[in-house]
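Working notes, structure below.
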Amino acid sequence: MTGSLRNARLEDARPAREFAAWPGKRNYEGLWWSSTNRAHVAFESLLERDALLWFDWDQDVTAISSQPVAFLWPKGTPSQRSHVPDYFVRLANGDGKLIDVRGTQGHTDKALAQFDLTRASCAELGWQYEVWTGLPAELATSLRWLAGYRQDRCAPSPTVTDRLTAAFKNGAALGDGIEQVAVFASVSREIVTANVYHLLWTHELTADLTRPLSWETEVVSA
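In terms of my numbering, the sequence shown opens at residue 14 and continues consecutively.
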């Protein structure tokens with residue numbers, strides 16, 4: 014069983030449970046369109062949405078699934094009988110990772126014991142395990158902005174891609190590079206701006222996203 018689970022394609026699995034809803038429910042749930050999966054992935058809170066944002070942008074993640082497996086422990090297991098981790102991601106090196114998404118505050122002894130038990134079970138199965146607690150505020154702000162340009166409709170044409178790569182080859186201010194390419198490629202600045210944000214999302218261009226994006230932000234071709 015351990016060997017078969019280690020090789021199981023959990024990234025293709027259906028959720029092990031459905032999200033429950035009730036009047037007055039306080040957390041926000043929805044669907045995130047993943048540019049990694051080319052499909053929607055569910056989330057049960059805004060923190061989980063930020064986790065999906067991060068997984069979607071992370072080049073080391075090649076596939077994402079929501080709640081694809083349930084752990085059921087024998088009766089008598091201290092403090093825990095069952096648990097459904099929030100996400101599974103497939104990594105570029107082929108490894109699998111199960112992830113629980115929790116805020117940094119208010120981890121009870123029972124929750125900590127659950128994390129430890131899940132981590133031990135993952136180690137036995139050959140999976141990685143992580144308790145994901147959130148993004149730094151500035152990075153989250155930058156990624157939320159860039160995520161608005163992740164769809165294919167924001168991708169530049171091959172000609173504009175080449176010109177943007179050349180414009181930012183040695184590093185240039187965001188606004189200067191956009192202006193240069195808009196003039197030479199005879200494309201509107203609005204379209205070139207969307208193109209640049211798309212390439213920052215896909216890592217074909219890079220910038221320091223831990224600081225607020227501005228026209229003066231230095232952008233470099235990857």
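Glycine is no exception: its CB is placed at the ideal position from the N, C-alpha and C atoms.
Touching or not, the region 130-139 and the region 51-62, by the rule of three or more beta carbon pairs under 8 Å?
The region 130-139 makes no contact with the region 51-62; the number of CB pairs closer than 8 Å stays below 3.
With DSSP as the reference, label Thr219 as helix, strand or coil.
Thr219: strand per DSSP, three-state reduction.
Just reading off the beta strand (DSSP E) that Phe101 is part of, what are its end residues?
Note, Phe101: beta strand (DSSP E), Tyr100 to Leu104.
Roughly how many whole angstroms lie between the Cα atoms of Ala185 and Glu231?
Their backbone Cα atoms lie some 5 Å apart in a straight line.
Reduced DSSP category for Glu151 - H, G, I as helix; E, B as strand; rest coil
Helix, per DSSP.
To which residues of the same chain is Leu104 closer than 8 Å at the C-beta, ignoring the five residues directly before and after it?
Here Leu104 has Asp73, Val74, Thr75, Lys110 and Gln141 as same chain residues with Cβ atoms under 8 Å from its own Cβ, once five neighbours each way along the sequence are excluded.
Measure how close the beta-carbons of Ser234 and Leu218 come, nearest whole angstrom, since I'm counting them as under 8 Å.
Right, their Cβ atoms sit about 6 Å apart.
Which ranges does the beta strand (DSSP E) cover as unbroken runs of at least 3 residues, wholly within the region 140-217, from first to last along the chain?
At a cut-off of 3 residues, the continuous stretches assigned as beta strand (DSSP E) that sit fully inside the region 140-217 are 141-145.
Does the Cβ of Pro149 have 16 or more other Cβ atoms within 10 Å, making it buried, or fewer, making it exposed?
Per the 10 Å Cβ criterion, exposed.
Kindly indicate which residue of Arg22, Leu156 and Thr121 has the alpha-carbon position closest to the one of Leu213.
Measuring from the Cα of Leu213, the nearest candidate turns out to be Leu156.
In the DSSP assignment, the beta strand (DSSP E) including Trp45 goes from what residue to what residue?
For Trp45, the uninterrupted beta strand (DSSP E) run begins and ends at Gly43 to Ser47, by DSSP.
Hey, could you find the ends of the beta strand (DSSP E) Glu231 is sitting in?
Where Glu231 is concerned, the enclosing beta strand (DSSP E) stretches over Glu231 to Ser234.
Close beta carbons around Pro28, own chain, < 6 Å, minus the five adjacent residues each side:
Ser79 and Gln80, listed in sequence order.
From which residue to which residue does the beta strand (DSSP E) around Lys110 run?
Where Lys110 is concerned, the enclosing beta strand (DSSP E) stretches over Gly109 to Val114.
Just how far apart, CA to CA, sit Lys182 and Leu130?
Taking the straight line from one Cα to the other gives about 48 Å.
Run the CB neighbour count on Pro169, radius 10 Å, all protein chains shown included, and call it buried at 16 or more, exposed below.
By the Cβ neighbour-count rule, Pro169 is buried, with 16 or more other Cβ atoms within 10 Å of its own.
Under DSSP, the alpha helix (DSSP H) around Phe56 begins and ends at which residues?
Premise fails: Phe56 lies in the beta strand (DSSP E), Ala52 to Phe56, not in any alpha helix (DSSP H).
Residue(s) in a DSSP beta bridge with His96:
Assignment of beta-bridge partners to His96 by DSSP yields Phe84.
Could you name the residues of the same chain whose beta carbon sits closer than 6 Å to that of His211, not counting the 5 residues immediately before and after it, in chain order?
Answer for His211: Tyr162, Cys167 and Ala168, listed in chain order.
With respect to the alpha helix (DSSP H) encompassing Thr131, which residues constitute its N-terminal and C-terminal limits?
Element bounds for Thr131: Asp122 to Leu138.
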